[in-house]
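Using our numbering, you'd call the opening residue of the sequence shown number 642 and step up by one each time. For every residue, glycine included, the Cβ atom is placed at its ideal position computed from N, Cα and C.
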Amino acid sequence: MPPQALRAYGPRTKAERLEARVTRRQKRLIERAAALRGTSVTDFVVSSAQQAAAQAVKDSQIMSLQGRASAVFVKALLHPPASNSAAKAAARRYRNLAGR
């Protein structure tokens, strides 16, 4: 993870605790991976979990369309259908609720 991404998560003071139960096999694998990276098990686990969490958040914020779905989406953006009475009523309700 780039240094600027690590800084985005606030101060480096470690006040919170995170625990996990793992199998003996999982622990040995994690210990081996940490040793290969030249880091502690704790630093390896925290770094790996942080990277996975950041990727999960990013993935949930990006809509991915493939094939025909992509073409339909682009067509709808470029040539939106005309508003019908139900859409206009929904827009009015939204404006009223949002105070606009």
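Asked, Found
"Roughly how many whole angstroms lie between the Cα atoms of K729 and A697?", "36 Å"
"Measuring alpha carbon to alpha carbon, tell me which residue in G708, A727, E660 and S711 is nearest V686.", "E660"
"Whole-angstrom Cβ separation of A693 and V682, contact assumed at under 8 Å?", "Actually they are not in contact, since the Cβ atoms of A693 and V682 sit about 16 Å apart, beyond 8 Å."
"May I ask you to report which of helix, strand or coil DSSP gives K655?", "coil"
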